[in-house]
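Colleague: Following this message is one structure expressed as structure tokens.
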Amino acid sequence: MTTPPSPSEPLAPGLGTIVPEQAPGEVAPGGVPEGKARSLFVRGLEVFLENKLAIVGVAILVAMVLFCYIGPLLYHTDQVHVHLANEDLAPGAGHPLGTDSSGYDVLGRLMAGGQVSLEVGLAAGFLATVLGTVWGAVAGYAGGIVDAVMMRLVDAMLAIPTLFLALVVVSMFPATETELIIVVALTSWLTTSRLIRGEALSLRVRDYVQAMKVMGGGGTRAVFRHIAPNAVGTIIVNATFQVADAILLVVALSYLGLGVQPPKTDWGGMLSNGVQYTYDGYWWLIYPAGICIVLVVIAINFIGDALRDAFEVRLQRR
Amino acid sequence: MPGPPGTPVSTRKERTLTAFLLRRVLQAIIVILIVTVITFALLRAIPGNVAIAVLGPTAYRNPATIAHFNAEYGFNKPWFDQYFLWLGHLLQGNLGYSWKLNQSVASLLGSHVPKTLILGGISTILALLVAIPIGVWQAVRRNRAVDYTFTAFSFLFYAAPSFFVGTVLIMVFSDKMHIFGAEGPQGGVVNDLTDWKDMTLPVVTLALITFALFSRYMRSSMLDNITEDYVRTARAKGAPERRVLIRHVLRNSLIPIATLVGLNLPVIAAGALITESVFNYPGVGYLFFQSALNQDYPVLLGILIVVAIATVIGSLLADIAYAVLDPRVRYVRS
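Here the protein sequences come in this chain order: A and B.
FYI, our numbering numbers position 170 of the first sequence as 170, with every residue one higher than the one before it.
One rule links them: number in our numbering = place in the second sequence (from 1) + 1000.
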């Protein structure tokens, strides 16, 4: 980005560093730092808002959330009781998107399934980010043998494709939503931990961390008060992609029949059901759920890309 | 480029390269060992009793049979004894036995792995053949319509789950237009190569997943190299733009792609799992999926180990390829 710095910003390199200017503890995770650093946040926000794709992403996501959570309040459907008399009705009066093989209204089911997809994806992505951040920060800060052992474990788990590992675990323990969240989080925190470890390696030799150590601060303090807050850009950007990937993973597990169990469903489960009727031409069982998944994942990716640009602005000012 | 081999400087570099490779191989072995520990832990975490799972639900009436079974397979020993027993079997190529399919895991893999290799191989080559020229084109015409179109395209295929893509392909090309079959070839490997009608849709589905990734990498790799000093030098020497692009930029941009193919094995494996399930294509992914539904744990864990070892070897080869292909890596190491 070649935008000129605003007058309120420090021009000398290094003066814009966010953390040394505030006492530890002032920054809530992801929060807005005070003072001069605040203008960096504003600048980052401007860069984010300049990105047209980001606006599109936010708009799609907001629309989807409204659709899934406000929609059912306006459009009442029964998503619990099976109505075999109504099975596989084509879109028409009363059922704008038709019904599925259990007689559920597809439009209403898209809303109910969307809630599960979004919630599980968000929770799993968040949990994976927290796990990966702590693991990576501890490994990077500790260094030496601890780092080597912790990162070899990450390497080993990375060698097993996430979908395979998740499928094994889910086949052992039948999935509820909570279990799905835990399984997805436990199998997808690895890339985050690698990224954060890299950041921690460079942060731990900074003067202020060294100063804290001299003053008698312990490892826990270093990890949670200094390393994690300073890597906040990397963490937030990574969390965004984690959520997108978690949604895709849960959808894949549901498609394979090992996700959320009926009568609950998610978009993957809906597709899984619809695929059985490919040859009957029941397109309304396939396209709506598929398009919802694609839209949400693309929207989150747009937002993630824009966030990365926004945080790079902040990094440039450091 | 480094000097010809034989000069003192280059022998030193060769030695650091060897040391780097040795360290990397050692690291890979350690990682594989940890994978076996993780797999063994999963094996132990399986709910229920293996003896009852194998002998049937009424076996609990006959404790002597269970005791005999446990003794025969070593289930009465402490866990670390069991681990080393199991590891010993593994080193001899014994991946376990599927009591449900009444077949050894090794023989199951023997019949399913070649199918997946064919599917993964053809689709990767196809993806590369399309993605490399398109990535170059995007980089040359960056921020123009072509670039935006293919960027949108790769975003779309990154976000679209492969089972959705596969299903849409079936609906359009099989159900509506009757050009291709909706089910992958069921016979041996030869059948895969001759039965292009049934093979096309699975190959295209899997290729579309990797295509999105490859073309984005190719584009950014080209853009990274276009701004390098040696490109400016080549242009300054009056080399025609076409020659600069092909001889200089493209050649160097292909290095990360070579490593990407090695690192991409887990993506292809996961893609194959879904694609094979959509098209009932009897490869490893399909076997894995069916085993998950049947809770056939020996098969699941056997495949897990094999895929993990393949992934580790893939990333090892990627690193070696990178160190050998890119002379600058050796400078960094020395």
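Note that CB positions come from ideal geometry on N, CA and C, so glycine has one too.
1) Can you tell me whether P288/A is buried or exposed, with buried defined as 16 or more other CB within 10 angstroms of its CB?
2) Under 7 Å, CB to CB, which of the residues in the region 286 to 300 of chain A have a partner in chain B?
3) Can you tell me the Cα-Cα spacing of P1202/B and I300/A, whole angstroms?
4) Name the DSSP bridge partner or partners of G92/A?
5) Distance check for G219/A and E21/A, CA to CA, integer angstroms please.
6) So, is E87/A buried or exposed, given that buried needs 16 or more other C-beta atoms within 10 angstroms?
7) Using the beta-carbon of each residue, which ones in chain A are nearer than 8 Å to A1308/B?
8) Compare the C-beta of Y255/A against all C-beta atoms of chain B and say whether one is closer than 7 Å.
9) Cβ closer than 8 Å: which chain A residues qualify as neighbours of Q1295/B?
10) Suppose the cutoff is 7 Å on Cβ atoms and the five residues either side in sequence are ignored; what does the same chain contact list for T1039/B look like?
11) Going by the beta-carbon positions, is the gap between N1225/B and N1252/B smaller than 7 Å?
12) Going by the beta-carbon positions, is the gap between V335/A and V170/A smaller than 7 Å?
13) Can you list the residues of chain A that T1311/B reaches, using a CB-CB cut of under 9 Å?
14) Measure how close the beta-carbons of L1169/B and G1271/B come, nearest whole angstrom, since I'm counting them as under 8 Å.
15) By the DSSP assignment, the alpha helix (DSSP H) with S101/A in it spans what residues?
16) Under 8 Å, with one C-beta from each stretch per pair, do the region 180 to 200 of chain A and the region 225 to 242 of chain A reach the 3-pair mark?
17) Tell me, to the nearest whole angstrom, how far the beta carbon of D1351/B is from that of L1026/B; I am working on the premise that it is less than 8 Å.
18) Is there at least one Cβ from chain B nearer than 7 Å to Y69/A's Cβ?
19) Taking the beta carbon of D1228/B as the centre, do at least 16 other beta carbons fall within 10 Å, making it buried, or is it exposed?
20) Could you have a look at Q1027/B and say whether DSSP puts it in helix, strand or coil?
21) Could you tell me whether any non-hydrogen atom of the ligand FMN is closer than 6 Å to the CB of W135/A?
22) Give the residues of chain A in contact with T1167/B, contact being defined as C-beta atoms less than 9 Å apart.
23) Could you have a look at Q261/A and say whether DSSP puts it in helix, strand or coil?
24) Could you check if K1237/B is buried or exposed, using at least 16 other CB atoms within 10 Å of its CB as the buried criterion?
25) Would you verify that the beta carbon of L110/A is, or is not, closer than 7 Å to some beta carbon of chain B?
26) Would you tell me roughly how many angstroms separate the C-alpha atoms of T1200/B and G1188/B, rounded to the nearest one?
27) Give the secondary structure of Y1097/B by DSSP, where H, G and I count as helix, E and B as strand, and everything else as coil.
28) Check Q1103/B in the structure and name its three-state DSSP category.
29) Could you say which of L271/A, T265/A, A246/A lies nearest to A128/A if we only look at CA atoms?
30) Might you give, ordered along the chain, the residues of its own chain that have their beta carbon closer than 7 Å to the beta carbon of T77/A, omitting 5 neighbours on each side?
31) How about R197/A: is its C-beta nearer than 7 Å to some C-beta of chain B?
32) Give a yes or no on whether the C-beta atoms belonging to G1262/B and A1318/B are separated by under 7 Å.
33) Should T234/A and E179/A be called a contact, given that it needs their Cβ atoms to be closer than 7 Å?
34) Within the continuous alpha helix (DSSP H) that includes S1315/B, where are the two ends?
35) Comparing C-alpha positions only, which one of A93/A, I60/A, G269/A sits nearest to S101/A?
36) How many whole angstroms separate the CB atoms of V1136/B and M1222/B, which I take to be in contact at a CB cut-off of 8 Å?
Modeller: Reading it off the structure:
1) Label assigned to P288/A: buried.
2) Answer set for the region 286 to 300 of chain A: I286, G290, I293, V294, V297, I298.
3) 28 Å
4) G92/A pairs with H95/A.
5) With a pLDDT of 39 at E21/A, under the threshold of 50, the modelled position of this residue cannot be trusted; read the value that follows with caution. Spanning the two alpha carbons is a distance of roughly 21 Å.
6) exposed
7) A156, A159, I160
8) Chain B, which has a Cβ nearer than 7 Å to the Cβ of Y255/A, makes this yes.
9) The contacting residues are S171, M172.
10) L1301, L1304, I1305
11) yes
12) Missing from the structure shown is residue 335/A; chain A here goes from 1 to 318 and no further.
13) L158, A159, I160, P161
14) With 8 Å as the limit, L1169/B and G1271/B do not qualify as a contact, their Cβ atoms being about 14 Å apart.
15) Looking at the DSSP string, S101/A is not in any alpha helix (DSSP H), and its letter there is neither H nor E.
16) yes
17) Lying before the first or after the last residue shown, residue 1351/B is absent from chain B, which here runs from 1001 to 1334.
18) Judged by the 7 Å Cβ criterion, Y69/A is not in contact with chain B.
19) One point to set straight first is that residue 1228/B is Glu, not Asp, in the sequence displayed. Exposed.
20) helix
21) Absence of the ligand FMN is noted for the structure shown, with no ligands found whatsoever.
22) L271, G274, V275, T278, I286, G290
23) It is coil, neither helix nor strand.
24) Flag for K1237/B reads exposed.
25) no
26) 16 Å
27) In the three-state scheme derived from DSSP, where H, G and I count as helix and E and B as strand, Y1097/B is classed as strand.
28) strand
29) A246/A
30) D105, G108
31) Not closer than 7 Å to any Cβ of chain B, the Cβ of R197/A fails to qualify, so no.
32) yes
33) Not closer than 7 Å, so no.
34) 1297 to 1325
35) Ranking the options by Cα distance to S101/A, first place goes to G269/A.
36) 6 Å
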